[in-house]
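Residue numbers (my numbering), protein chains in the order written: chain A, 162 to 403; chain B, 44 to 155.
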Amino acid sequence: MTRRSSFAAGARDTLPMVIGAAPFGVIFGTLVAAGPLAAWQGQLMSLSVFAGSSQFIALGLVAGHAGLAVIWLTTLIVNLRHALYAATLLPHVAHLPARWRWTLGFFLTDETFAVMAGYYARHPRAPLGHWYFLGSCLSMYANWQFWTLVGLLFGAAFPQLQSLGLDFAMVATFIAIVVPQLASLPNFAAAAAAGAVAYLGQDVPYKLGLMAAVVAGVAVGMALQRWRSGGLEAGRREEEAA
Amino acid sequence: MTGTVLTNTVMILGMAAVTVFVKAALFVLGDRVVFPPLLKQALGFVPVTVLTAIIVPMILSPNGEGLELTWRNPQLVGALAAVLACVATGKQLLTIAVALGVFFAWQLGVLA
Chain A
162 MTRRSSFAAG
172 ARDTLPMVIG
182 AAPFGVIFGT
192 LVAAGPLAAW
202 QGQLMSLSVF
212 AGSSQFIALG
222 LVAGHAGLAV
232 IWLTTLIVNL
242 RHALYAATLL
252 PHVAHLPARW
262 RWTLGFFLTD
272 ETFAVMAGYY
282 ARHPRAPLGH
292 WYFLGSCLSM
302 YANWQFWTLV
312 GLLFGAAFPQ
322 LQSLGLDFAM
332 VATFIAIVVP
342 QLASLPNFAA
352 AAAAGAVAYL
362 GQDVPYKLGL
372 MAAVVAGVAV
382 GMALQRWRSG
392 GLEAGRREEE
402 AA
Chain B
44 MTGTVLTNTV
54 MILGMAAVTV
64 FVKAALFVLG
74 DRVVFPPLLK
84 QALGFVPVTV
94 LTAIIVPMIL
104 SPNGEGLELT
114 WRNPQLVGAL
124 AAVLACVATG
134 KQLLTIAVAL
144 GVFFAWQLGV
154 LA
């Protein structure tokens, strides 16, 4: 595995996510073109913020004449889940030089987190994992810039884009990443709890339903893990007594 | 630049600063962050919970209009195919291919 092949593998494994994100890039560009922001500002937002949900929400807030503080606070809350991703991936990047950690942090997205969670589950100690990480990041970034631009320029030509269901590519990939990890009971129960809460809380604003789902899932998973390890310890004590 | 253009540019750059902070702060701190064992254990559950939480609403109510627990929901049919393919083969790329194949066949063939 060379740097280049690791980078290419990261980009390749992110391909379904790239397809899934494309229509949202076009839709974002289209909405900018139809709204109060200048076209170059829409591209600037994709280049500098690079976080889809918060970009869409910001457009809505600008149209509703929200103040700067409201928009920034909303951005913080909507993007808070990335801190959770960073915390989860930190053990795999903590050893890298600072410029790498800034770069990978800036480019972190839901999609790249999913790809990296799957990758590190399969290769916990890959020495060139950061090149794979970068490959995933840059393919998502280039894709988002390109489709934002297409939306800005030609958005009106794609009225029915959302009904194509291209975002299902993301669902399929997430399933392929999650299902192999469900063999353990605590993981399975954690996923079930998170899915149930996410379903019930899907209309809660600012992605707080998602955060609640993660908290619920983690709590259920940890409770089960403790209960099981408690059971094992009790079993060991019985063996020792016998 | 007019006042609104300037304000909106400041708005965008502020959003970028907030987002970079949320995404990169922990990475930048690096080895200086030490998580207690309980938190480490909790973070181990983040991938399965957050990925499941993102897709379950997309599968069960793809149009954001309530539960669509029916064979006429291509997201649901495609997702079930993905789970079956993944359990049966354990191969990631094959799972994605089967899921997309079933999803588009369902959307374009069965339901059209």
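Cβ coordinates follow ideal geometry from the N, Cα and C atoms, glycine included. Model, not experiment: these values are computed from the prediction.
Q: Identify the continuous alpha helix (DSSP H) that holds L265/A and give its terminal residues.
A: Segment A259 to F267, the alpha helix (DSSP H) holding L265/A.
Q. Of the residues R262/A, R260/A, W261/A and V254/A, which one's Cα is nearest the Cα of A278/A?
A. Taking the Cα of A278/A as reference, the smallest distance to any Cα among R262/A, R260/A, W261/A and V254/A is reached at V254/A.
Q.
In this structure, how does DSSP classify S167/A when only helix, strand and coil are distinguished?
A. Annotated three-state conformation of S167/A is helix, per DSSP.
Q: Mind the definition here: the stretch 292-310 of chain A touches the stretch 186-206 of chain A only if three or more C-beta pairs lie below 8 angstroms; say whether that holds.
A: Yes, since at least three Cβ pairs between the stretch 292-310 of chain A and the stretch 186-206 of chain A fall closer than 8 angstroms, the two stretches touch.
Q. From the beta carbon of A155/B, is the nearest beta carbon of chain A less than 9 angstroms away?
A. A155/B does not count as touching chain A.
Q: Using only alpha-carbon positions, find the residue among G382/A, G378/A and H226/A that is nearest to V93/B.
A: Minimum Cα distance to V93/B is reached at G378/A.
Q) If you count every other CB in all the chains shown that lies within 10 Å of the CB of A153/A, and 16 or more means buried, which is it? A) The displayed coordinates of chain A run from 162 to 403. Any statement about residue 153/A would go beyond what the structure contains.
Q. Ends of the alpha helix (DSSP H) at V124/A?
A. In the structure displayed, chain A extends from 162 to 403; residue 124/A sits before or after that span and is not available.
Q.
I believe V340/A touches V145/B by the beta-carbon criterion, under 8 angstroms. Please report the beta-carbon distance rounded to the nearest angstrom.
A. V340/A to V145/B, Cβ: 15 angstroms. No contact.
Q) Which residues in chain A sit within 7 angstroms of G73/B, going by Cβ to Cβ distance? A) What G73/B touches in chain A: A255 and R262.
Q. Do you know offhand how far H284/A's Cα is from G171/A's?
A. Straight-line Cα distance between these residues: approximately 13 angstroms.
Q.
For a contact defined as C-beta to C-beta under 7 angstroms, what are the partners of L103/B on chain A?
A. Within chain A, the residues placing a beta-carbon under 7 angstroms from that of L103/B are Y360, ordered along the chain.
Q | Residue range of the unbroken alpha helix (DSSP H) whose run includes M301/A | A | Where M301/A is concerned, the enclosing alpha helix (DSSP H) stretches over G290 to F315.
Q) Would DSSP call V145/A helix, strand or coil? A) For chain A, the structure presents residues 162 to 403; residue 145/A sits outside this window and is missing.
Q: Select from A195/A, V332/A, Q204/A and Q216/A the residue whose C-alpha is nearest the C-alpha of P320/A.
A: Considering only alpha carbons, the answer is A195/A.
**Q.** chain A contacts from the stretch 122-151 of chain B (Cβ-Cβ distance under 7 angstroms)
**A.** Residues A122, A125, V126, C129, V130, G133, Q135, T138, I139, A142, L143, F146 and Q150.
Q) Terminal residues of the continuous alpha helix (DSSP H) containing W201/A? A) That run of the alpha helix (DSSP H) goes A200 to S209.
Q.
Short of 9 angstroms Cβ to Cβ, which residues in the stretch 104-121 of chain B face chain A?
A. Legend: CB atoms of the stretch 104-121 of chain B lying less than 9 angstroms from CB atoms of chain A belong to residues S104, P105, G107, L110, P117, Q118 and G121.
Q | Residues from the stretch 296-312 of chain A in contact with chain B, defined by Cβ distance under 8 angstroms | A | So the list is empty, because no residue satisfies the distance condition.
Q) With DSSP run on the structure shown, which of helix, strand or coil describes Q404/A? A) Only positions 162 to 403 of chain A appear in the structure, and residue 404/A is not among them; the question remains open.
Q. Whose Cβ in chain B lies nearer than 7 angstroms to the Cβ of S209/A?
A. Result: I55, L56 and A59.
Q) What does I336/A touch in chain B if you count any residue whose Cβ is under 8 angstroms from its own? A) Under the 8 angstroms cutoff, chain B gives I98, A122, A125, V126, C129, T138 and A142.
(Q) I'd like to know if P79/B contacts chain A, where contact means its C-beta is closer than 9 angstroms to some C-beta of that chain. (A) Chain A contact via Cβ: absent.
Q: Measuring only between beta-carbons, confirm whether E87/B sits less than 9 angstroms from chain A.
A: Note on residue identity: the sequence assigns Gly, not Glu, to residue 87/B. At least one chain A Cβ lies under 9 angstroms of G87/B.
Q. Nearest chain B C-beta to I188/A closer than 9 angstroms, yes or no?
A. I188/A does not count as touching chain B.
(Q) Buried or exposed for R242/A, going by 16 or more other Cβ atoms inside 10 Å? (A) Result: buried.
Q | Cβ-Cβ distance between A352/A and L385/A below 9 angstroms | A | No, the pair does not count as a contact, with Cβ atoms beyond the cut-off.
Q: Compare the C-beta of Y246/A against all C-beta atoms of chain B and say whether one is closer than 9 angstroms.
A: By this cut-off, Y246/A is an interface position.
Q. Is the Cβ-Cβ distance between A212/A and N240/A less than 9 angstroms?
A. Contact flag set, yes.
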